[in-house]
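Note sheet for the following structure.
Numbering (UniProt numbering), first residue to last: 1 to 392.
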(Lines of atoms letter the chains of each structure in order from A and count residues from 1; the text may use other names and numbers.)
(Lines give C-alpha, C1' and ligand atoms only; values in the text may rest on other atoms or scores of the structure.)
Protein backbone atom coordinates (compact mmCIF):
# COMPACT_ATOMS: atom_id res chain seq x y z
CA UNK A 1 0.00 0.00 0.00
CA UNK A 2 2.82 2.39 0.85
CA UNK A 3 4.44 1.65 -2.53
CA UNK A 4 1.24 2.56 -4.39
CA UNK A 5 0.92 5.78 -2.42
CA UNK A 6 4.56 6.66 -3.12
CA UNK A 7 4.15 6.01 -6.85
CA UNK A 8 1.10 8.29 -6.96
CA UNK A 9 2.72 11.05 -4.94
CA UNK A 10 2.85 14.35 -6.86
CA UNK A 11 6.33 15.86 -6.70
CA UNK A 12 5.64 18.86 -8.93
CA UNK A 13 2.93 20.08 -11.29
CA UNK A 14 2.29 23.03 -13.55
CA UNK A 15 1.99 24.30 -17.11
CA UNK A 16 4.67 23.60 -19.69
CA UNK A 17 4.48 24.11 -23.45
CA UNK A 18 4.93 20.90 -25.43
CA UNK A 19 5.94 20.41 -29.06
CA UNK A 20 3.74 18.07 -31.09
CA UNK A 21 5.20 14.78 -32.28
CA UNK A 22 3.89 14.78 -35.84
CA UNK A 23 3.10 18.43 -36.46
CA UNK A 24 5.79 20.44 -34.72
CA UNK A 25 3.55 23.12 -33.27
CA UNK A 26 3.49 24.01 -29.59
CA UNK A 27 0.65 23.46 -27.12
CA UNK A 28 0.33 24.23 -23.42
CA UNK A 29 -0.20 21.13 -21.30
CA UNK A 30 -0.49 20.52 -17.56
CA UNK A 31 2.41 18.34 -16.40
CA UNK A 32 2.41 16.25 -13.24
CA UNK A 33 5.65 14.72 -11.96
CA UNK A 34 5.32 11.49 -9.98
CA UNK A 35 8.13 9.46 -8.47
CA UNK A 36 8.52 7.26 -11.57
CA UNK A 37 6.77 9.08 -14.43
CA UNK A 38 5.86 12.44 -15.93
CA UNK A 39 2.23 12.75 -17.07
CA UNK A 40 0.68 15.51 -19.16
CA UNK A 41 -2.94 16.58 -19.49
CA UNK A 42 -4.96 18.92 -21.66
CA UNK A 43 -7.14 21.71 -20.32
CA UNK A 44 -10.66 21.94 -21.77
CA UNK A 45 -13.07 24.76 -20.95
CA UNK A 46 -10.99 26.04 -18.06
CA UNK A 47 -10.63 22.65 -16.37
CA UNK A 48 -8.03 19.90 -16.54
CA UNK A 49 -9.10 16.65 -18.19
CA UNK A 50 -9.26 13.70 -15.80
CA UNK A 51 -7.14 11.38 -17.95
CA UNK A 52 -3.55 12.01 -19.12
CA UNK A 53 -2.70 12.55 -22.79
CA UNK A 54 0.66 10.87 -22.39
CA UNK A 55 3.46 9.90 -20.05
CA UNK A 56 7.25 9.75 -19.88
CA UNK A 57 8.80 6.90 -17.89
CA UNK A 58 11.69 8.31 -15.84
CA UNK A 59 13.60 5.16 -14.87
CA UNK A 60 17.17 5.03 -16.26
CA UNK A 61 16.99 8.51 -17.76
CA UNK A 62 20.04 10.73 -17.42
CA UNK A 63 19.48 14.48 -17.31
CA UNK A 64 22.04 16.94 -18.67
CA UNK A 65 21.95 20.64 -19.39
CA UNK A 66 22.27 22.58 -21.70
CA UNK A 67 21.19 21.30 -25.12
CA UNK A 68 20.96 23.65 -28.11
CA UNK A 69 18.87 21.47 -30.42
CA UNK A 70 16.33 24.29 -30.70
CA UNK A 71 18.82 27.09 -31.07
CA UNK A 72 16.87 28.40 -34.08
CA UNK A 73 13.72 28.74 -31.98
CA UNK A 74 13.05 32.47 -31.37
CA UNK A 75 14.02 33.87 -28.00
CA UNK A 76 11.48 35.76 -25.87
CA UNK A 77 12.74 39.12 -27.05
CA UNK A 78 9.74 41.05 -25.73
CA UNK A 79 9.77 39.28 -22.38
CA UNK A 80 13.46 39.37 -21.68
CA UNK A 81 14.51 42.43 -23.65
CA UNK A 82 17.08 42.00 -26.40
CA UNK A 83 17.80 38.51 -27.74
CA UNK A 84 20.03 36.49 -25.45
CA UNK A 85 21.33 33.31 -27.00
CA UNK A 86 22.94 32.36 -23.69
CA UNK A 87 19.42 31.77 -22.35
CA UNK A 88 18.90 28.83 -24.67
CA UNK A 89 19.34 25.99 -22.23
CA UNK A 90 18.13 22.45 -22.35
CA UNK A 91 17.88 19.26 -20.45
CA UNK A 92 18.85 16.07 -22.30
CA UNK A 93 18.29 12.55 -21.12
CA UNK A 94 18.94 9.23 -22.83
CA UNK A 95 16.96 6.13 -21.99
CA UNK A 96 19.38 3.23 -22.55
CA UNK A 97 17.12 0.38 -21.50
CA UNK A 98 15.39 -1.79 -24.08
CA UNK A 99 17.51 -0.28 -26.92
CA UNK A 100 15.39 2.86 -26.75
CA UNK A 101 16.41 6.47 -26.55
CA UNK A 102 14.94 9.37 -24.64
CA UNK A 103 15.63 13.08 -24.53
CA UNK A 104 14.39 15.77 -22.24
CA UNK A 105 15.33 19.15 -23.72
CA UNK A 106 14.88 22.68 -22.47
CA UNK A 107 14.66 25.08 -25.37
CA UNK A 108 15.45 28.80 -25.19
CA UNK A 109 15.61 30.16 -21.67
CA UNK A 110 13.01 27.76 -20.36
CA UNK A 111 12.46 24.43 -22.06
CA UNK A 112 12.50 20.74 -21.34
CA UNK A 113 12.44 17.48 -23.41
CA UNK A 114 11.89 13.79 -22.91
CA UNK A 115 11.52 10.90 -25.34
CA UNK A 116 10.61 7.25 -25.45
CA UNK A 117 12.35 5.31 -28.21
CA UNK A 118 12.35 7.61 -31.25
CA UNK A 119 9.72 9.87 -29.68
CA UNK A 120 10.94 13.10 -28.16
CA UNK A 121 9.05 15.48 -25.92
CA UNK A 122 10.20 19.08 -26.21
CA UNK A 123 8.84 21.25 -23.41
CA UNK A 124 9.15 24.86 -22.37
CA UNK A 125 8.71 26.52 -18.99
CA UNK A 126 7.72 30.16 -18.48
CA UNK A 127 11.10 31.24 -17.11
CA UNK A 128 14.66 30.08 -16.53
CA UNK A 129 13.88 29.68 -12.82
CA UNK A 130 10.94 27.40 -13.56
CA UNK A 131 13.03 25.45 -16.08
CA UNK A 132 15.73 24.85 -13.50
CA UNK A 133 13.14 23.90 -10.91
CA UNK A 134 11.61 21.30 -13.24
CA UNK A 135 15.04 19.97 -14.21
CA UNK A 136 16.04 19.67 -10.58
CA UNK A 137 12.81 17.92 -9.59
CA UNK A 138 12.99 15.44 -12.47
CA UNK A 139 16.65 14.72 -11.76
CA UNK A 140 15.88 14.06 -8.10
CA UNK A 141 13.05 11.69 -9.07
CA UNK A 142 15.29 9.78 -11.50
CA UNK A 143 18.02 9.37 -8.91
CA UNK A 144 15.66 7.61 -6.52
CA UNK A 145 14.55 5.01 -9.07
CA UNK A 146 15.92 1.51 -9.64
CA UNK A 147 16.01 0.03 -13.17
CA UNK A 148 13.66 -2.78 -12.15
CA UNK A 149 10.92 -0.20 -11.55
CA UNK A 150 10.78 0.76 -15.22
CA UNK A 151 7.85 -0.82 -17.09
CA UNK A 152 8.99 -2.60 -20.23
CA UNK A 153 7.85 -0.93 -23.45
CA UNK A 154 5.90 -2.96 -25.97
CA UNK A 155 8.15 -3.27 -29.03
CA UNK A 156 5.13 -3.75 -31.27
CA UNK A 157 3.71 -0.38 -30.26
CA UNK A 158 6.76 1.81 -30.50
CA UNK A 159 5.81 5.30 -31.69
CA UNK A 160 6.39 6.40 -35.23
CA UNK A 161 6.99 9.80 -36.70
CA UNK A 162 5.29 11.09 -39.83
CA UNK A 163 7.19 13.81 -41.61
CA UNK A 164 6.04 16.50 -44.03
CA UNK A 165 2.34 16.14 -43.19
CA UNK A 166 0.25 19.27 -42.70
CA UNK A 167 -2.76 18.68 -40.47
CA UNK A 168 -4.44 21.73 -41.98
CA UNK A 169 -4.09 20.19 -45.44
CA UNK A 170 -5.52 16.89 -44.16
CA UNK A 171 -8.50 18.68 -42.60
CA UNK A 172 -9.13 20.72 -45.76
CA UNK A 173 -9.18 17.47 -47.76
CA UNK A 174 -11.53 15.88 -45.24
CA UNK A 175 -14.01 18.73 -45.84
CA UNK A 176 -13.82 18.43 -49.63
CA UNK A 177 -17.36 18.03 -51.01
CA UNK A 178 -16.33 15.39 -53.57
CA UNK A 179 -13.39 13.43 -52.15
CA UNK A 180 -13.65 14.20 -48.44
CA UNK A 181 -14.69 11.97 -45.57
CA UNK A 182 -18.40 11.12 -45.72
CA UNK A 183 -20.48 12.25 -42.75
CA UNK A 184 -23.34 9.90 -41.90
CA UNK A 185 -25.84 9.20 -39.14
CA UNK A 186 -24.99 6.24 -36.89
CA UNK A 187 -26.65 4.42 -34.00
CA UNK A 188 -24.60 3.05 -31.09
CA UNK A 189 -26.21 1.16 -28.21
CA UNK A 190 -29.59 2.73 -28.97
CA UNK A 191 -28.25 6.30 -29.17
CA UNK A 192 -28.34 8.24 -32.44
CA UNK A 193 -25.33 10.28 -33.58
CA UNK A 194 -25.65 12.63 -36.56
CA UNK A 195 -23.05 13.80 -39.06
CA UNK A 196 -20.17 11.62 -37.94
CA UNK A 197 -17.81 8.95 -39.25
CA UNK A 198 -16.29 5.75 -37.90
CA UNK A 199 -12.67 5.25 -36.91
CA UNK A 200 -12.12 2.64 -39.61
CA UNK A 201 -13.70 4.94 -42.23
CA UNK A 202 -11.15 7.66 -41.44
CA UNK A 203 -8.27 5.17 -41.51
CA UNK A 204 -9.48 3.84 -44.89
CA UNK A 205 -9.78 7.39 -46.22
CA UNK A 206 -6.28 8.44 -45.12
CA UNK A 207 -4.71 5.39 -46.73
CA UNK A 208 -6.74 5.69 -49.94
CA UNK A 209 -5.69 9.32 -50.44
CA UNK A 210 -2.04 8.41 -49.81
CA UNK A 211 -1.57 10.62 -46.78
CA UNK A 212 0.02 7.53 -45.19
CA UNK A 213 1.12 4.10 -46.36
CA UNK A 214 -0.18 1.81 -43.60
CA UNK A 215 -3.16 1.59 -41.29
CA UNK A 216 -0.86 1.91 -38.28
CA UNK A 217 0.40 5.24 -39.63
CA UNK A 218 -3.21 6.28 -40.29
CA UNK A 219 -4.13 5.61 -36.65
CA UNK A 220 -1.13 7.70 -35.54
CA UNK A 221 -2.20 10.55 -37.83
CA UNK A 222 -5.83 10.28 -36.65
CA UNK A 223 -4.64 10.50 -33.04
CA UNK A 224 -2.78 13.69 -33.95
CA UNK A 225 -5.94 15.16 -35.50
CA UNK A 226 -7.75 14.37 -32.28
CA UNK A 227 -4.99 15.68 -30.03
CA UNK A 228 -4.89 18.98 -31.96
CA UNK A 229 -8.68 19.38 -31.61
CA UNK A 230 -9.58 18.91 -35.27
CA UNK A 231 -11.50 15.70 -34.58
CA UNK A 232 -13.32 14.57 -31.45
CA UNK A 233 -14.89 11.29 -30.23
CA UNK A 234 -18.66 11.35 -29.81
CA UNK A 235 -19.66 7.72 -29.44
CA UNK A 236 -19.63 5.65 -26.26
CA UNK A 237 -16.83 3.37 -27.44
CA UNK A 238 -14.55 6.14 -28.76
CA UNK A 239 -14.91 8.27 -25.62
CA UNK A 240 -14.20 5.30 -23.39
CA UNK A 241 -11.04 4.53 -25.41
CA UNK A 242 -9.64 7.97 -24.54
CA UNK A 243 -10.44 7.62 -20.84
CA UNK A 244 -9.01 4.15 -20.40
CA UNK A 245 -6.46 3.72 -23.19
CA UNK A 246 -2.79 4.61 -23.43
CA UNK A 247 -1.50 7.33 -25.72
CA UNK A 248 -1.23 4.94 -28.69
CA UNK A 249 -4.70 3.45 -28.07
CA UNK A 250 -6.75 6.64 -28.03
CA UNK A 251 -7.96 6.52 -31.64
CA UNK A 252 -9.74 3.30 -32.64
CA UNK A 253 -9.51 1.72 -36.09
CA UNK A 254 -12.98 0.32 -35.53
CA UNK A 255 -16.21 0.36 -37.55
CA UNK A 256 -18.25 0.96 -34.37
CA UNK A 257 -16.16 3.79 -32.87
CA UNK A 258 -17.67 7.17 -33.81
CA UNK A 259 -15.94 10.52 -34.39
CA UNK A 260 -16.83 13.92 -35.79
CA UNK A 261 -15.26 17.32 -36.49
CA UNK A 262 -14.70 19.83 -33.73
CA UNK A 263 -16.91 22.89 -34.16
CA UNK A 264 -13.90 25.13 -34.54
CA UNK A 265 -12.64 22.88 -37.32
CA UNK A 266 -14.16 25.18 -39.94
CA UNK A 267 -10.77 26.64 -39.52
CA UNK A 268 -10.53 30.17 -38.39
CA UNK A 269 -8.43 31.75 -41.06
CA UNK A 270 -6.34 33.63 -38.59
CA UNK A 271 -8.42 36.77 -38.38
CA UNK A 272 -6.63 37.96 -35.26
CA UNK A 273 -5.88 41.65 -35.43
CA UNK A 274 -2.35 42.87 -34.92
CA UNK A 275 -1.94 44.97 -31.81
CA UNK A 276 0.24 48.02 -31.96
CA UNK A 277 2.97 48.08 -29.33
CA UNK A 278 5.13 50.97 -28.27
CA UNK A 279 8.73 50.55 -27.22
CA UNK A 280 7.88 52.28 -23.95
CA UNK A 281 5.36 49.72 -22.69
CA UNK A 282 7.76 46.85 -23.35
CA UNK A 283 10.73 48.59 -21.75
CA UNK A 284 9.63 48.09 -18.15
CA UNK A 285 11.23 45.82 -15.61
CA UNK A 286 9.72 42.31 -15.53
CA UNK A 287 8.22 41.80 -12.06
CA UNK A 288 6.52 38.44 -12.48
CA UNK A 289 5.63 36.06 -15.30
CA UNK A 290 3.73 32.77 -15.39
CA UNK A 291 1.39 30.62 -17.43
CA UNK A 292 -2.22 31.46 -16.50
CA UNK A 293 -5.62 30.66 -18.01
CA UNK A 294 -7.49 33.55 -19.64
CA UNK A 295 -11.10 33.66 -20.83
CA UNK A 296 -11.58 35.05 -24.34
CA UNK A 297 -13.70 38.16 -24.81
CA UNK A 298 -15.80 36.90 -27.72
CA UNK A 299 -15.99 33.08 -27.63
CA UNK A 300 -15.54 32.85 -23.84
CA UNK A 301 -13.17 29.89 -24.25
CA UNK A 302 -10.27 29.42 -21.84
CA UNK A 303 -6.71 29.46 -23.19
CA UNK A 304 -3.30 29.19 -21.54
CA UNK A 305 -1.35 32.40 -21.94
CA UNK A 306 2.07 33.53 -20.74
CA UNK A 307 1.37 36.64 -18.63
CA UNK A 308 4.20 39.11 -18.10
CA UNK A 309 3.83 41.93 -15.57
CA UNK A 310 6.13 44.93 -16.00
CA UNK A 311 6.82 47.95 -13.81
CA UNK A 312 8.08 51.43 -14.71
CA UNK A 313 5.80 51.74 -16.61
CA UNK A 314 3.21 49.32 -15.29
CA UNK A 315 1.82 47.08 -18.06
CA UNK A 316 0.39 43.58 -18.22
CA UNK A 317 0.98 41.72 -21.49
CA UNK A 318 -0.02 38.20 -22.45
CA UNK A 319 1.49 35.93 -25.08
CA UNK A 320 0.30 32.87 -26.99
CA UNK A 321 2.89 30.20 -26.07
CA UNK A 322 1.97 28.10 -29.12
CA UNK A 323 3.24 30.74 -31.57
CA UNK A 324 6.79 31.02 -32.84
CA UNK A 325 6.32 34.79 -33.04
CA UNK A 326 6.68 35.80 -29.42
CA UNK A 327 5.11 39.22 -29.60
CA UNK A 328 2.25 39.93 -27.17
CA UNK A 329 -1.24 39.10 -28.41
CA UNK A 330 -2.70 41.57 -25.94
CA UNK A 331 -1.95 43.92 -23.10
CA UNK A 332 -3.00 47.06 -21.25
CA UNK A 333 -1.64 49.71 -18.84
CA UNK A 334 -2.29 48.99 -15.17
CA UNK A 335 -2.91 52.52 -13.92
CA UNK A 336 -6.50 52.82 -12.69
CA UNK A 337 -7.27 49.09 -13.03
CA UNK A 338 -9.41 47.30 -10.47
CA UNK A 339 -8.20 43.86 -9.34
CA UNK A 340 -10.22 41.42 -7.25
CA UNK A 341 -10.44 37.73 -6.36
CA UNK A 342 -13.57 35.76 -7.26
CA UNK A 343 -14.82 33.06 -4.94
CA UNK A 344 -14.42 29.50 -6.26
CA UNK A 345 -17.88 28.40 -5.12
CA UNK A 346 -19.81 31.28 -6.67
CA UNK A 347 -21.53 31.77 -10.04
CA UNK A 348 -20.02 34.83 -11.67
CA UNK A 349 -21.63 36.86 -14.40
CA UNK A 350 -19.50 36.83 -17.53
CA UNK A 351 -17.64 33.63 -16.65
CA UNK A 352 -18.28 30.50 -18.73
CA UNK A 353 -17.13 26.87 -18.50
CA UNK A 354 -16.29 24.40 -15.76
CA UNK A 355 -13.48 26.06 -13.89
CA UNK A 356 -10.59 24.67 -11.90
CA UNK A 357 -10.81 27.59 -9.47
CA UNK A 358 -8.39 30.30 -8.26
CA UNK A 359 -10.14 32.94 -10.38
CA UNK A 360 -9.51 36.68 -10.34
CA UNK A 361 -10.72 39.65 -12.37
CA UNK A 362 -9.10 42.78 -13.76
CA UNK A 363 -11.20 45.73 -14.94
CA UNK A 364 -9.27 48.26 -17.01
CA UNK A 365 -9.84 52.00 -17.23
CA UNK A 366 -11.73 51.35 -20.48
CA UNK A 367 -14.10 49.02 -18.58
CA UNK A 368 -12.77 45.86 -20.25
CA UNK A 369 -13.12 42.82 -17.99
CA UNK A 370 -10.38 40.18 -17.92
CA UNK A 371 -11.10 36.86 -16.19
CA UNK A 372 -7.94 34.92 -15.28
CA UNK A 373 -7.27 31.63 -13.50
CA UNK A 374 -4.13 30.99 -11.48
CA UNK A 375 -2.90 27.47 -10.79
CA UNK A 376 -3.19 27.75 -7.00
CA UNK A 377 -4.60 30.02 -4.31
CA UNK A 378 -1.06 31.08 -3.38
CA UNK A 379 -0.28 32.07 -6.97
CA UNK A 380 -3.56 34.00 -7.25
CA UNK A 381 -2.78 35.94 -4.08
CA UNK A 382 0.72 36.75 -5.33
CA UNK A 383 -0.61 38.08 -8.63
CA UNK A 384 -3.37 40.15 -7.01
CA UNK A 385 -1.03 41.75 -4.47
CA UNK A 386 1.61 42.52 -7.10
CA UNK A 387 -0.95 43.92 -9.57
CA UNK A 388 -2.50 46.18 -6.95
CA UNK A 389 0.89 47.76 -6.22
CA UNK A 390 1.10 48.88 -9.87
CA UNK A 391 -2.45 50.16 -10.36
CA UNK A 392 -1.97 53.38 -8.40
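Glycine is no exception: its CB is placed at the ideal position from the N, C-alpha and C atoms.
All values reported here derive from a predicted model rather than from experimental measurement.
Taking C-beta atoms under 8 Å as the contact rule, residue 290 and residue 379 qualify, at a distance of about 7 Å. Under the DSSP definition of a beta bridge, residue 12 partners with 33. Using a Cβ distance threshold of 8 Å, residue 328 and residue 319 count as a contacting pair.
Membership of residue 214 in any beta strand (DSSP E) is not indicated, and neither H nor E is assigned to it by DSSP.
Shown here for residue 362: same chain residues with a beta carbon closer than 6 Å to its own, the five before and five after excluded, namely 337, 339 and 370 in chain order. The count of Cβ pairs closer than 8 Å, one atom from the segment 277 to 287 and one from the segment 8 to 16, stays below three, leaving the stretches out of contact. Taking C-beta atoms under 8 Å as the contact rule, residue 33 and residue 138 qualify, at a distance of about 6 Å.
Here the alpha carbon of residue 55 sits roughly 15 Å from the alpha carbon of residue 11.
At the C-beta level, residue 238 and residue 258 come within 8 Å of one another.
Collapsing the DSSP output to three states places residue 252 in coil. Within the same chain, 46, 47, 48 and 373 come within 7 Å of residue 356 by CB-CB distance, once the 5 residues on both sides are set aside. Boundaries of the beta strand (DSSP E) around residue 287: 285 to 295.
Under a 10 Å Cβ-count criterion, residue 131 is classified as buried, with 16 or more other Cβ atoms of the shown protein chains found around its own Cβ. Residue environment analysis places residue 243 among the exposed positions, since fewer than 16 neighbouring C-beta atoms fall within 10 angstroms of its C-beta.
In the DSSP annotation of this structure, the continuous segment of the beta strand (DSSP E) that includes residue 362 starts and ends at 359 to 363. Beta-bridge pairing by DSSP links residue 196 to 184.
By the criterion of at least three beta-carbon pairs nearer than 8 Å, the segment 164 to 173 is in contact with the segment 215 to 227. Exclusion of the five residues before and after residue 218 leaves 203, 206, 207 and 212 as the residues of its chain whose Cβ lies within less than 7 Å of its Cβ.
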